[in-house]
Amino acid sequence: MELIEAIILAVLAASTPLLIAATGELVTERSGVLNLGVEGMMIIGAASGFAGAWLTGSIFIGALFGIVAGTLMSLVFALMALGLAVNQVATGLALTILGVGLSGLIGAGFVGERITPAMHLNIPGLTDIPLIGRVLFGEDAFVYFSLALVVGVWWFLYRTRPGLILRACGDNHVSAHALGYPVLRIRTIAVMFGGACAGLAGAYLPLAYTPFFIPGMTAGRGWIALALVVFSSWRPGRLVVGAYLFGAVTILQLHAQGWGVGIPSQLMSALPYLATVIVLVLLSRARTGGSTAPAALGTVFVPDR
Amino acid sequence: MRKSLLALAAGLLLAGSVSAASAADKLKVGFIYLGPVGDLGWTYQHEQARQALVKELGDKIETTFLENVPEGPDAERSIEQLVRAGNKLIFTTSFGYMDPTLKVAKKYPNVHFEHATGYKRNPNMSTYSAKWYQGRYIQGLIAAKMSKSGVLGYIGSFPIPEVVSGINATILAAQTINPNIKVKIIWANTWFDPGKEADAAKALIDQGADVIMQHTDSPAAMQIASERGKLAFGQDSEMIKFGPKTQLTSILDTWGPYYIARVKAELDGTWKSEDSWGGLDSHMFAMAPYTNMPDDVKKIAEDAQAAITAGKLHPFKCPVLGQDGKPVECKGGANLDDGQILGMNFYVKGIDDKLPGK
Numbered sequence: 002m003e004l005i006e007a008i009i010l011a012v013l014a015a016s017t018p019l020l021i022a023a024t025g026e027l028v029t030e031r032s033g034v035l036n037l038g039v040e041g042m043m044i045i046g047a048a049s050g051f052a053g054a055w056l057t058g059s060i061f062i063g064a065l066f067g068i069v070a071g072t073l074m075s076l077v078f079a080l081m082a083l084g085l086a087v088n089q090v091a092t093g094l095a096l097t098i099l100g101v102g103l104s105g106l107i108g109a110g111f112v113g114e115r116i117t118p119a120m121h122l123n124i125p126g127l128t129d130i131p132l133i134g135r136v137l138f139g140e141d142a143f144v145y146f147s148l149a150l151v152v153g154v155w156w157f158l159y160r161t162r163p164g165l166i167l168r169a170c171g172d173n174h175v176s177a178h179a180l181g182y183p184v185l186r187i188r189t190i191a192v193m194f195g196g197a198c199a200g201l202a203g204a205y206l207p208l209a210y211t212p213f214f215i216p217g218m219t220a221g222r223g224w225i226a227l228a229l230v231v232f233s234s235w236r237p238g239r240l241v242v243g244a245y246l247f248g249a250v251t252i253l254q255l256h257a258q259g260w261g262v263g264i265p266s267q268l269m270s271a272l273p274y275l276a277t278v279i280v281l282v283l284l285s286r287a288r289t290g291g292s293t294a295p296a297a298l299g300t301v302f303v304p305d306r
Numbered sequence: 090m091r092k093s094l095l096a097l098a099a100g101l102l103l104a105g106s107v108s109a110a111s112a113a114d115k116l117k118v119g120f121i122y123l124g125p126v127g128d129l130g131w132t133y134q135h136e137q138a139r140q141a142l143v144k145e146l147g148d149k150i151e152t153t154f155l156e157n158v159p160e161g162p163d164a165e166r167s168i169e170q171l172v173r174a175g176n177k178l179i180f181t182t183s184f185g186y187m188d189p190t191l192k193v194a195k196k197y198p199n200v201h202f203e204h205a206t207g208y209k210r211n212p213n214m215s216t217y218s219a220k221w222y223q224g225r226y227i228q229g230l231i232a233a234k235m236s237k238s239g240v241l242g243y244i245g246s247f248p249i250p251e252v253v254s255g256i257n258a259t260i261l262a263a264q265t266i267n268p269n270i271k272v273k274i275i276w277a278n279t280w281f282d283p284g285k286e287a288d289a290a291k292a293l294i295d296q297g298a299d300v301i302m303q304h305t306d307s308p309a310a311m312q313i314a315s316e317r318g319k320l321a322f323g324q325d326s327e328m329i330k331f332g333p334k335t336q337l338t339s340i341l342d343t344w345g346p347y348y349i350a351r352v353k354a355e356l357d358g359t360w361k362s363e364d365s366w367g368g369l370d371s372h373m374f375a376m377a378p379y380t381n382m383p384d385d386v387k388k389i390a391e392d393a394q395a396a397i398t399a400g401k402l403h404p405f406k407c408p409v410l411g412q413d414g415k416p417v418e419c420k421g422g423a424n425l426d427d428g429q430i431l432g433m434n435f436y437v438k439g440i441d442d443k444l445p446g447k
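Chains as they are written, first to last, in the numbering used here: chain A, 2 to 306; chain B, 90 to 447.
So, in structure tokens, the structure goes:
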């Protein structure tokens with residue numbers, strides 16, 4: 002019983018940064034922009050987030066630092082890819098290289114320092130319920146916020162008019178432009194949202210997951226978030242499935258190794274990727290039967306004036 | 090514009106990583122690092138050694154280092170860059186630099202190279218490494234003494250001989266204290282991913298392990314053990330800051346004395362290609378202070394350390410039993426020979442797990 006609870010808690014912690022970063026990227030891509038710089042924005046968010054929390058002693062301010070830093074990074078991308086209509090793939094990759102280098106510089110003074118990690122919710126009575134208590138009422142704010150974020154994004158994309166316009170920009174920017182919508186402005190906002198989420202996801206690592214900063218600590222999570230967006234066929238609901246599935250298999254394979262089930266660990270380490278890809282591909286095939294990528298994803302748009 | 094951004098990014102990376110003093114006619118010594126100097130682990134310890142070197146011989150030498158150099162084609166270019174900058178002795182500090190170092194060494198016979206943890210040598214290329222398994226043996230004794238559950242948790246990076254010999258040395262030592270000791274092994278399949286290392290530590294503790302040992306680089310596992318009120322060993326460097334009431338000891342890579350000795354040899358003109366695989370006796374590594382344990386356990390650890398240093402105790406003293414219970418061939422007479430330890434690809438008796446790939 003306790004073990005199951007412990008596993009679920011570990012899964013929530015492992016999945017949350019992926020979910021936050023992927024949700025942001027989903028909005029960016031739904032507007033038609035492919036930003037491959039998630040890893041770079043995340044690591045900058047991690048360095049800035051830790052710096053903010055260490056300097057002020059507040060996890061909340063640390064998270065804000067992460068969000069602002071991620072947004073600033075995404076503005077660099079927006080300037081290049083939207084303002085100057087540079088190739089989005091190349092710009093995104095450059096953003097990652099820049100982020101990894103710059104984060105080392107920002108974080109250099111903070112290596113070896115530690116902070117008190119984010120508080121976990123504690124409601125007397127509720128948090129003590131066996132099995133579900135700590136899962137539902139005993140997590141840190143990031144976990145609850147990430148779920149609220151996905152619901153909010155789903156509601157925005159499918160239930161609001163601005164959401165519809167954003168999706169229109171992603172599917173056909175020429176038509177959206179012809180209808181009089183400011184395509185580039187909408188895309189810039191979407192890119193900034195993606196940057197803010199990536200920054201927050203990065204900040205989650207040193208603020209709640211492992212409360213210290215080390216250069217390179219995102220260790221490829223930005224790339225996993227990017228892949229999750231594709232395999233969820235750009236749907237928020239499936240993104241939740243994908244992120245938690247990935248987190249769950251990651252944790253379970255570690256436990257399976259501890260139990261000594263005798264499957265080579267190299268294969269076990271590949272399982273989260275395999276399982277997530279298979280499940281999400283099956284999901285998208287069953288429902289829609291084909292690709293649902295935003296039609297204008299990654300294409301350059303230069304409005305004719 | 091795209092190119093200029095890439096160039097800018099590359100420029101920033103380089104500007105951040107090259108540091109050089111200025112002076113003519115001093116011996117130039119170069120270093121290639123795998124990670125950032127602030128990784129608190131492997132690269133950090135090499136950087137500490139470089140600083141010790143500068144402190145000792147700073148008036149006669151000038152040092153340069155390149156950090157964050159990936160293992161692969163980039164390494165060759167970086168090593169060559171140091172050669173062209175006039176460095177006469179170059180330390181390449183990771184296993185994956187082996188072939189690139191050899192290639193550059195053959196091209197520049199007048200420059201001397203020192204490669205860490207590899208096995209390929211050249212008349213102008215030495216290798217050096219440390220017998221960390223000796224330290225693991227001491228940790229095994231402490232772990233068995235300190236564990237209440239009788240279950241140790243071990244986070245491995247990759248199932249390579251260096252890591253496997255560490256696990257075996259640990260369990261062989263632990264069995265001398267508690268013959269029924271159990272070890273749970275989780276391979277992270279990475280040297281560095283703080284999140285994953287933390288998850289592995291959580292999984293081990295959730296499964297009943299109360300002493301955590303690691304062969305990965307970040308202090309994440311130490312920090313989790315501290316959070317959960319368990320005990321742990323550090324890796325590569327002093328990690329007590331991340332677990333003041335948790336760290337029992339840590340194997341510290343202390344390359345300083347070796348670097349100083351080699352640079353002195355270079356200055357005297359006595360440098361020659363060698364293979365140095367040193368243990369506690371030659372100070373290639375050291376044990377962090379024994380903390381968070383009662384005095385009797387501390388004494389066991391100190392006695393074992395003294396015996397290993399004096400050459401009276403060998404962690405792989407024959408007979409060493411394989412998982413099937415049969416003794417492993419004893420090529421070194423009284424103990425396994427260096428080749429068997431350097432190529433170790435089996436678990437000893439008492440480990441209820443399968444070595445990946447076997």
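Each residue gets a CB set at the ideal place from its N, CA and C atoms; glycine is no exception.
All values derive from a computational prediction rather than experimental measurement.
- [ ] Rank 202/A, 95/A and 117/A by C-alpha distance to the C-alpha of residue 65/A and give the top, closest one.
- [x] Selection 202/A, 95/A and 117/A evaluated against residue 65/A yields 202/A as nearest (Cα-Cα).
- [ ] Anything in the region 323 to 339 of chain B with a Cβ closer than 7 Å to a Cβ of chain A? List those residues in chain order, please.
- [x] Hits within the stretch, in order: 330 and 331.
TODO: Measure how close the beta-carbons of residue 230/B and residue 270/B come, nearest whole angstrom, since I'm counting them as under 8 Å.
DONE: Actually they do not touch by this definition, with Cβ atoms about 11 Å apart.
- [ ] Measuring only between beta-carbons, confirm whether residue 278/B sits less than 8 Å from chain A.
- [x] Output row for residue 278/B: interface = yes.
TODO: Evaluate contact between the region 312 to 322 of chain B and the region 358 to 368 of chain B, counting only Cβ atoms and requiring at least three cross-stretch pairs below 8 Å.
DONE: The answer is no - the region 358 to 368 of chain B does not touch the region 312 to 322 of chain B, with fewer than three Cβ pairs under 8 Å.
Task: Supposed contact pair residue 306/B and residue 281/B - C-beta distance, whole angstroms, cut 8 Å - done: The distance from the Cβ of residue 281/B to that of residue 306/B is about 5 Å, consistent with a contact at the 8 Å cut-off.
Task: Check whether residue 81/A and residue 196/A have beta carbons under 8 Å apart - done: For the pair residue 81/A and residue 196/A, the CB atoms are not nearer than the 8 Å cut-off.
Open item on the list: For residue 142/B and residue 348/B, I'd like the C-alpha separation in whole angstroms.
Closed with: Taking the straight line joining both Cα atoms gives about 7 Å.
- [ ] Assign residue 222/A to one of two classes, buried (16 or more other C-beta atoms within 10 Å of its C-beta) or exposed (fewer than that).
- [x] That one is buried.
Task: Contact between the region 83 to 91 of chain A and the region 132 to 147 of chain A (3+ Cβ pairs under 8 Å) - done: No, they do not touch.
TODO: For residue 89/A, go through chain B and note every residue whose CB falls closer than 8 Å to its CB, in chain order.
DONE: Taking a Cβ-Cβ threshold of 8 Å, none of the residues of chain B is close to residue 89/A; the smallest such distance is about 10 Å.
Task: Host alpha helix (DSSP H) of residue 348/B (start-end) - done: Looking at the DSSP string, the run of the alpha helix (DSSP H) that includes residue 348/B is 345 to 357.
Open item on the list: Determine, for residue 210/A, whether the minimum Cβ-Cβ distance to residues of chain B falls below 8 Å.
Closed with: Under the Cβ criterion of 8 Å, residue 210/A is counted among the residues facing chain B.
- [ ] Measure the Cβ-Cβ separation of residue 120/B and residue 206/B and say whether it is below 8 Å.
- [x] No.
Task: Sub-8 Å separation of residue 343/B and residue 380/B beta-carbons - done: The answer is no: Cβ separation not under 8 Å.
Task: Of the residues 246/B, 254/B, 260/B and 252/B, the one placed nearest residue 234/B, counting alpha carbons only - done: Residue 260/B is the option with its Cα nearest to residue 234/B.
TODO: Could you confirm whether any beta carbon from chain B is found closer than 8 Å to the beta carbon of residue 213/A?
DONE: Interface with chain B (8 Å Cβ-Cβ cutoff): residue 213/A is included.
- [ ] Just the C-alpha distance for residue 114/A and residue 129/B, rounded to the nearest angstrom, thanks.
- [x] Each residue's Cα considered, the two are about 11 Å apart.
TODO: Could you list the residues in the region 405 to 419 of chain B with a C-beta less than 9 Å from some C-beta on chain A, going in chain order?
DONE: Answer in chain order: no residues at all.
Task: Among 177/B, 146/B, 131/B and 144/B, the one whose alpha carbon lies nearest that of residue 157/B - done: For the set 177/B, 146/B, 131/B and 144/B, the Cα lying nearest the Cα of residue 157/B is the one of 131/B.
- [ ] Could you tell me the distance, in whole angstroms, from the CA atom of residue 114/B to the CA atom of residue 126/B?
- [x] A straight line joining the alpha-carbon of residue 114/B with that of residue 126/B spans about 27 Å.
TODO: Give me the Cα-Cα distance between residue 255/B and residue 290/B, rounded to the nearest whole angstrom.
DONE: Between the alpha carbons of residue 255/B and residue 290/B lies a distance of about 18 Å.
TODO: Would you list, in chain order, the members of the region 302 to 319 of chain B that have their beta-carbon closer than 7 Å to a beta-carbon of chain A?
DONE: Using a CB distance below 7 Å, the part of the region 302 to 319 of chain B facing chain A consists of 307, 308, 309 and 312, ordered along the chain.
Task: residue 167/A, DSSP secondary structure in three states - done: Reduced to three states, the DSSP call for residue 167/A is helix.
TODO: Using a Cβ cut-off of 7 Å, pull out every chain A residue sitting near residue 275/B, in sequence order please.
DONE: Here the neighbours are 255, 258 and 259.
Open item on the list: Less than 8 Å between CB atoms is the rule here; does residue 133/A satisfy it with respect to chain B?
Closed with: For residue 133/A, the answer is no, since every Cβ of chain B falls outside 8 Å of its Cβ.
Task: 3 or more residues per run - each beta strand (DSSP E) lying fully within the region 182 to 220 of chain B - done: The region 182 to 220 of chain B contains these whole beta strand (DSSP E) runs: 201 to 205 and 214 to 219.
TODO: Enumerate in chain order the residues of its own chain whose CB-to-CB distance from residue 102/B is below 6 Å, with the five nearest sequence positions on each side excluded.
DONE: Residue placement at residue 102/B cannot be trusted, given a pLDDT of 47 that sits under 50; what the coordinates show is reported in the next sentence. No residues qualify anywhere along the chain.
TODO: Can you pull the chain A residues whose beta carbon is under 8 Å from the beta carbon of residue 129/B, in chain order?
DONE: In chain order: 112, 113 and 215.
Open item on the list: Please state whether the Cβ-Cβ distance between residue 238/B and residue 299/B is less than 8 Å.
Closed with: Cβ distance < 8 Å, so residue 238/B and residue 299/B count as in contact.
Open item on the list: Just to confirm my understanding: we take residue 266/B, look at its own chain, exclude 5 residues before and 5 after, and list those with CB closer than 7 Å. What are they?
Closed with: Cβ neighbours of residue 266/B within its own chain (closer than 7 Å, five residues either side excluded): 230, 233 and 234.
Task: Residues within the region 284 to 296 of chain B neighbouring chain A, beta-carbon criterion of under 9 Å - done: The residues in question are 284, 285, 286, 287, 288, 289, 291, 292, 293, 294, 295 and 296.
- [ ] Count the CB pairs spanning the region 182 to 191 of chain A and the region 297 to 305 of chain A that are closer than 8 Å, and state whether there are at least three.
- [x] Here the region 182 to 191 of chain A lies against the region 297 to 305 of chain A, with 3 or more beta-carbon pairs under 8 Å apart.
TODO: Mind listing the chain B neighbours of residue 218/A? Cutoff is C-beta to C-beta under 7 Å, in chain order.
DONE: Those within 7 Å of residue 218/A in chain B are 283.
Open item on the list: Going by DSSP, what residue range makes up the beta strand (DSSP E) through residue 276/B?
Closed with: For residue 276/B, the enclosing beta strand (DSSP E) starts and ends at 271 to 276.
Open item on the list: Taking only three categories from DSSP, how would you classify residue 69/A?
Closed with: Secondary structure of residue 69/A (DSSP, three-state): helix.
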